[in-house]
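Under the working numbering, think of the first position of the sequence shown as 42, with each following residue one higher.
From the three backbone atoms N, C-alpha and C, an ideal C-beta is built for every residue, glycine too.
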Amino acid sequence: MKIEIRPVERSEAVDYVKVLPYVNGMPNWEPAPSAGHGGPEAWPPPRKPATGQQLQAWADEVLDDYFHPQAAFVDGKLVGGSAMLSLAITAPGPRAVPFGGVTATAVIATHRRRGLLRGMMQAMFDEALERGEPLAALSASEGSIYGRFGFSPATMRARWDLERSDARFIDPESPAGSLELVDAAAARQAWPQIHEQIRQRQVGELTPQPGRWDRLSDEAVGTDGPMRYLVRRDAHGTLDGVANFRLPWSALPEHTGTLVVDAFQAVTPDAYRAMWMLLTDFDLTRKIVAPSRPMDEPLRWMLRDPRAMRITRQSDNLWLRILDLPGALTARAYDTTAELTVAIEHDAMCPHNVGTWRLAVSPEGATCTRTDTRPDLTMDIQSLGSLYLGGMSAAVLAGAGRIRPHRPGAVTDIARVFRADPEPFNSFGF
Ligand SMILES: CC(=O)SCCNC(=O)CCNC(=O)[C@H](O)C(C)(C)COP(=O)(O)OP(=O)(O)OC[C@H]1O[C@@H](n2cnc3c(N)ncnc32)[C@H](O)[C@@H]1OP(=O)(O)O
Numbered sequence: 042m043k044i045e046i047r048p049v050e051r052s053e054a055v056d057y058v059k060v061l062p063y064v065n066g067m068p069n070w071e072p073a074p075s076a077g078h079g080g081p082e083a084w085p086p087p088r089k090p091a092t093g094q095q096l097q098a099w100a101d102e103v104l105d106d107y108f109h110p111q112a113a114f115v116d117g118k119l120v121g122g123s124a125m126l127s128l129a130i131t132a133p134g135p136r137a138v139p140f141g142g143v144t145a146t147a148v149i150a151t152h153r154r155r156g157l158l159r160g161m162m163q164a165m166f167d168e169a170l171e172r173g174e175p176l177a178a179l180s181a182s183e184g185s186i187y188g189r190f191g192f193s194p195a196t197m198r199a200r201w202d203l204e205r206s207d208a209r210f211i212d213p214e215s216p217a218g219s220l221e222l223v224d225a226a227a228a229r230q231a232w233p234q235i236h237e238q239i240r241q242r243q244v245g246e247l248t249p250q251p252g253r254w255d256r257l258s259d260e261a262v263g264t265d266g267p268m269r270y271l272v273r274r275d276a277h278g279t280l281d282g283v284a285n286f287r288l289p290w291s292a293l294p295e296h297t298g299t300l301v302v303d304a305f306q307a308v309t310p311d312a313y314r315a316m317w318m319l320l321t322d323f324d325l326t327r328k329i330v331a332p333s334r335p336m337d338e339p340l341r342w343m344l345r346d347p348r349a350m351r352i353t354r355q356s357d358n359l360w361l362r363i364l365d366l367p368g369a370l371t372a373r374a375y376d377t378t379a380e381l382t383v384a385i386e387h388d389a390m391c392p393h394n395v396g397t398w399r400l401a402v403s404p405e406g407a408t409c410t411r412t413d414t415r416p417d418l419t420m421d422i423q424s425l426g427s428l429y430l431g432g433m434s435a436a437v438l439a440g441a442g443r444i445r446p447h448r449p450g451a452v453t454d455i456a457r458v459f460r461a462d463p464e465p466f467n468s469f470g471f
C-alpha cells in the first residue's frame, strides 16, 4: 500500500470534494444534537448527493488562493482531504492574528484509522508555519478527534430558549431608532458592515471566508422554515444591528410557534435591546430559540426574571492549536504587567514549541524567549491553546491536572495574564 500526502492539483479538485460526507448526502457531524443546531429534531436530514454543477462550484473554491488543500492518496487513489483557510482571529488587544482554519476534512469510510488525517494535519501545520500563521483552529465534528493533534476548546457557545410570555424586560421602553424587516439582499449588505465593527473589538471573532455572507442569507442552509431578516438603525439612521430568524413549520404541536434566531449581531446596547425586544414578542409565537450564542448573553440581565432564559445545550465552539508558541504569545496583547516561565514538555507535531519559555508582558508589549530557569508552571500545548483567547479558566485546567504549578500563586498569576472580559466568542465557523 503506497500512501502519499500532498497538495491537490487542479485536475484533482473534483475528486477532493467527492470524499466529503455532506457532498455525498451523508452526515458529517456527530448525531448528538449540538449547541449550534436550531431545529427541533436531532439533526436535519442529510442533503441529497451533490449535483455535477455543485461539485464543480466547490472544486473551484478548493482552488482559490485562500484555500490550502491537502489530500491523501492510497495507491494513487484520492481517499481523503483536508484544507486550511487563511483567516484572522481577534485576540486580546484587540489584535487580528492570522491563523489556518481547518475545514473540509474527511477520509472515506474504507480508509479510516490508518493515520491519513494525521499526515494531512502535519502537512497543513508545516505549511501554515511557512505562511507565518502562528495558530490553527477548527470546529470539531466529534470531541474525541482533535485533542491528539494539539487542539483544545478556546470558545464556547450556548443554545438557549425563552417562553415569549416570560420575556418581560426590566426597562420596557424601546430605545430610540427604527427596526425594519428587509429582504435577503438588504440583509446581505448589512451583515459585512455590522460584523466588521464587532470583529474589530470582540475577542474570538473571525474574518469571514469568501462566500460567508451569501451562505448566511441562503435559505437552503440550516434548518427549514423561511428565513426572515431584521435590520436596525439608530435615531440618526445609522445601521447598528442585523438578525436572521425563522419560524419553522412543524407537524408537532409542541414545536409550532417557535421563532429561531439563526444569527444576531448588534453594535450598541440600544440596538441589542431593541432587536431582542421585537424578536421575543412576535405575534403568533410561543417560544424563542437562539441556537448559537455566547454563554454570557446580556439579554439575561435585561429580563425581570433572569432565570426565564434557559440554556438548553452548551458546547465547545472554536478549538485552537498553538503552532508557533512565541509567535502566538507575542501576537496578542496583555493589560497587566507580569513575568512567567512556562514549560511545554511534549509536542510531537510542532517540536519547536517544546521547552521552557519566559513570557514577559505589559500593556506596552510582550516578549517570549527560551530560558533555562525553573518553570513557574508546566502545561500541555492544548491548555495553552485554551488559555490563549482568555476564555478558559487556568484554575479549572490546574484542577484537571493539565496545568501543574511549581510555586504558590503561579496559577493565579497566569489566570490574571490571560483572562479576557467579555468571554471570547465567534459567531460562526468555517
Ligand atoms: C475540522 C473538520 O473538518 S470537522 C469534520 C471532520 N470530518 C468528519 O468527521 C467526517 C467523518 N470522519 C472521517 O472522515 C475520518 O474519521 C476523520 C477525517 C475524522 C479521521 O480520519 P482518519 O484518517 O481515520 O484519522 P487518522 O487515522 O489519521 O487518526 C489519527 C488518530 O485519531 C483517531 N481518530 C480519528 N478519527 C476518530 C474518531 N472519529 N473518533 C475517535 N478517534 C478518532 C485515530 O484512532 C488515531 O488515533 P491514534 O493517534 O491514537 O492512532
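Open item on the list: Applying the 10 Å Cβ sphere with the 16-neighbour rule, what's the burial state of Glu214?
Closed with: Counting from one through the sequence shown, the residue named residue 214 turns up at place 173. So Glu214 ends up on the exposed side.
Open item on the list: Just to confirm, is the Cβ distance from Ala73 to Pro332 under 8 angstroms?
Closed with: Working through the sequence shown from its first residue, we reach residue 73 at position 32. Working through the sequence shown from its first residue, we reach residue 332 at position 291. In this structure, Ala73 lies away from Pro332, with their beta-carbon atoms at least 8 angstroms apart.
- [ ] Would you check whether ligand 1 has a heavy atom nearer than 7 angstroms to the C-beta of Gly213?
- [x] As a first step, residue 213 is located in the sequence shown; it is residue number 172 there, counting from the start. Strictly speaking, residue 213 in this sequence is Pro, with Gly absent from that position. Every heavy atom of ligand 1 is 7 angstroms or more from the Cβ of Pro213, so no.
Task: Contact between the region 413-425 and the region 329-348 (3+ Cβ pairs under 8 angstroms) - done: With the cut-off at 8 angstroms, the region 413-425 and the region 329-348 do not touch.
Open item on the list: DSSP three-state label for Asn65, please.
Closed with: Counting from one through the sequence shown, the residue named residue 65 turns up at place 24. Taken through DSSP and simplified to helix, strand or coil, Asn65 comes out as helix.
TODO: Run the CB neighbour count on Gln243, radius 10 Å, all protein chains shown included, and call it buried at 16 or more, exposed below.
DONE: Here residue 243 is taken as the residue at index 202 of the sequence shown, counted from 1. The residue in question, Gln243, is buried, as its Cβ has 16 or more Cβ neighbours within 10 Å.
TODO: Using only the heavy atoms of ligand 1, determine whether one of them is closer than 7 angstroms to the beta carbon of Thr326.
DONE: Locating residue 326 in the sequence shown gives position 285, counting from the first residue. Outside the cutoff, so no.
Open item on the list: Can you tell me whether Val143 sits near ligand 1, meaning its C-beta is under 7 angstroms from at least one heavy atom of the ligand?
Closed with: The residue labelled residue 143 in the question sits at position 102 within the sequence shown. Checking every heavy atom of ligand 1 against the Cβ of Val143, one is found closer than 7 angstroms.
TODO: Give the secondary structure of Tyr429 by DSSP, where H, G and I count as helix, E and B as strand, and everything else as coil.
DONE: Position 388 of the sequence shown, counting from 1, holds the residue named residue 429. In the structure shown, Tyr429 sits in a helix (DSSP, three-state: H, G or I).
TODO: Assign Arg415 to buried or exposed, taking buried as 16 or more other Cβ atoms, counted over all protein chains shown, within 10 Å of its Cβ.
DONE: On the sequence shown, residue 415 is found 374 positions in, with the first residue counted as 1. Within 10 angstroms of the beta-carbon of Arg415 lie fewer than 16 other beta-carbons, which makes it exposed.
Open item on the list: Is it buried or exposed, Ser258, if we count other Cβ atoms within 10 angstroms and call 16 or more buried?
Closed with: One-based indexing of the sequence shown puts residue 258 at position 217. With 16 or more other Cβ atoms within 10 Å, it is buried.
TODO: Quick one: grab the DSSP three-state call for Asp202.
DONE: If you number the sequence shown from 1, residue 202 lands on position 161. Reduced to three states, the DSSP call for Asp202 is strand.
Open item on the list: Between which two residues does the beta strand (DSSP E) holding Thr146 run?
Closed with: To locate residue 146, count along the sequence shown from 1; it is residue 105. Looking at the DSSP string, the run of the beta strand (DSSP E) that includes Thr146 is 136-148.
Task: Three-state secondary structure assigned by DSSP to Asn285 - done: Within the sequence shown, numbered from 1, the residue matching residue 285 stands at position 244. Shown here, Asn285 sits in a strand according to DSSP, grouped into three states.
Task: First through last residue of the beta strand (DSSP E) which encompasses Ile211 - done: For the purposes of this step, residue 211 is taken as residue 170 along the sequence shown, with counting starting at 1. Note, Ile211: premise wrong, no beta strand (DSSP E); not H, not E.
TODO: List the whole-angstrom C-beta distance separating Leu400 from Cys409, where the pair is believed to meet the contact cut-off of C-beta under 8 angstroms.
DONE: Sequence index remark: in the sequence shown, residue 400 carries index 359 (1-based). Sequence index remark: in the sequence shown, residue 409 carries index 368 (1-based). Between the beta-carbon of Leu400 and that of Cys409 there is about 5 angstroms, and that keeps the pair under the 8 angstroms contact cut.
Open item on the list: Check whether the region 44-51 and the region 154-168 touch, using three or more Cβ-Cβ pairs below 8 angstroms as the test.
Closed with: With the cut-off at 8 angstroms, the region 44-51 and the region 154-168 touch.
Task: Asp337 vs Thr309 beta-carbon contact at 8 angstroms - done: In the sequence shown, the residue the question calls residue 337 occupies position 296. In the sequence shown, the residue the question calls residue 309 occupies position 268. Between Asp337 and Thr309, the gap from beta carbon to beta carbon reaches 8 angstroms or more.
Open item on the list: Helix, strand or coil for Gln163? Go by DSSP, reduced to three states.
Closed with: By one-based count along the sequence shown, residue 163 stands at place 122. Gln163 carries a helical assignment under DSSP once its states are collapsed to helix, strand and coil.
Open item on the list: Considering Cα atoms alone, identify which of Phe190, Phe140, Ala384, His78 is closest to Pro446.
Closed with: Counted from its first residue, the sequence shown places residue 446 at position 405. Of all alpha-carbon atoms in Phe190, Phe140, Ala384, His78, the one lying nearest the alpha-carbon of Pro446 is that of Ala384.
Task: Of the residues Pro367, Val272, Gly252, Leu293, the one placed nearest Tyr313, counting alpha carbons only - done: Here residue 313 refers to the residue found at position 272 when the sequence shown is read from its first residue. The shortest C-alpha separation from Tyr313 is found at Val272.
Task: Option nearest Ala195 by Cα separation, candidates Ala208, Leu179, Glu204, Arg205 - done: As a first step, residue 195 must be located in the sequence shown, where it is residue number 154. Here the closest residue by C-alpha is Leu179.
Task: DSSP beta-bridge partners of Glu45 - done: Here the question's residue 45 lines up with position 4 in the sequence shown. The secondary-structure analysis by DSSP pairs Glu45 across a beta bridge with Phe114.
Task: Given Thr299 as reference, the closest of Arg287, Phe305, Gln306 once Cα atoms are compared - done: Stepping through the sequence shown from its first residue, residue 299 is reached at position 258. Checked all of Arg287, Phe305, Gln306; the closest Cα to Thr299 is Arg287.
Task: Helix, strand or coil at Gly173 according to DSSP, with G and I counted as helix - done: Counting from 1 along the sequence shown, the entry for residue 173 is found at position 132. The DSSP-derived three-state label of Gly173 is coil.
Open item on the list: For Ala369 and Ile363, what's the separation of their Cα atoms in angstroms?
Closed with: Locating residue 369 in the sequence shown gives position 328, counting from the first residue. Locating residue 363 in the sequence shown gives position 322, counting from the first residue. Their Cα atoms are separated by approximately 7 angstroms.
TODO: Check whether the Cβ of Pro62 lies closer than 7 angstroms to any heavy atom of ligand 1, and answer yes or no.
DONE: Sequence index remark: in the sequence shown, residue 62 carries index 21 (1-based). Taking the Cβ of Pro62 as the reference point, at least one heavy atom of ligand 1 falls within a distance shorter than 7 angstroms.
Open item on the list: Buried or exposed for Arg334, going by 16 or more other Cβ atoms inside 10 Å?
Closed with: Position 293 of the sequence shown, counted from the first residue, corresponds to residue 334. So Arg334 ends up on the buried side.
Open item on the list: Buried or exposed for Ala82, going by 16 or more other Cβ atoms inside 10 Å?
Closed with: On the sequence shown, position 41 is the one that residue 82 refers to. For clarity, residue 82 is Glu in the given sequence; the question names Ala instead. Under the 10 Å beta carbon count, Glu82 is surrounded by fewer than 16 other beta carbons and is classified as exposed.
TODO: Express the C-alpha separation of Phe210 and Asp388 in angstroms, rounding to a whole number.
DONE: Start at 1 with the first residue of the sequence shown, and residue 388 comes out as number 347. Start at 1 with the first residue of the sequence shown, and residue 210 comes out as number 169. Approximately 50 angstroms between the Cα atoms of the pair.
TODO: Report yes or no: do the region 448-460 and the region 231-248 share at least 3 C-beta pairs separated by less than 8 angstroms?
DONE: At 8 angstroms Cβ cutoff, the stretches do not touch.
- [ ] Quick one: grab the DSSP three-state call for Ala91.
- [x] In the sequence shown, residue 91 corresponds to position 50, counting from 1. DSSP places Ala91 in coil when its eight states are reduced to three.
Open item on the list: Helix, strand or coil, according to DSSP, for Leu325 in the structure here?
Closed with: Counted from its first residue, the sequence shown places residue 325 at position 284. Judged by DSSP in its simplified three-state form, Leu325 adopts coil rather than helix or strand.
Task: Reduced DSSP secondary structure (H/G/I, E/B, other) of Glu237 - done: As a working mapping, residue 237 is identified with position 196 in the sequence shown. In this structure, Glu237 counts as helix in the three-state DSSP scheme.
Task: Beta-bridge pairing of Trp360 - partner residues as DSSP gives them - done: On the sequence shown, residue 360 is found 319 positions in, with the first residue counted as 1. For Trp360, which the question treats as bridged, DSSP gives the partners Leu179, Pro194.
- [ ] Mark Pro90 as exposed unless 16 or more other C-beta atoms lie within 10 angstroms of its C-beta, in which case mark it buried.
- [x] Counting from one through the sequence shown, the residue named residue 90 turns up at place 49. So Pro90 ends up on the exposed side.
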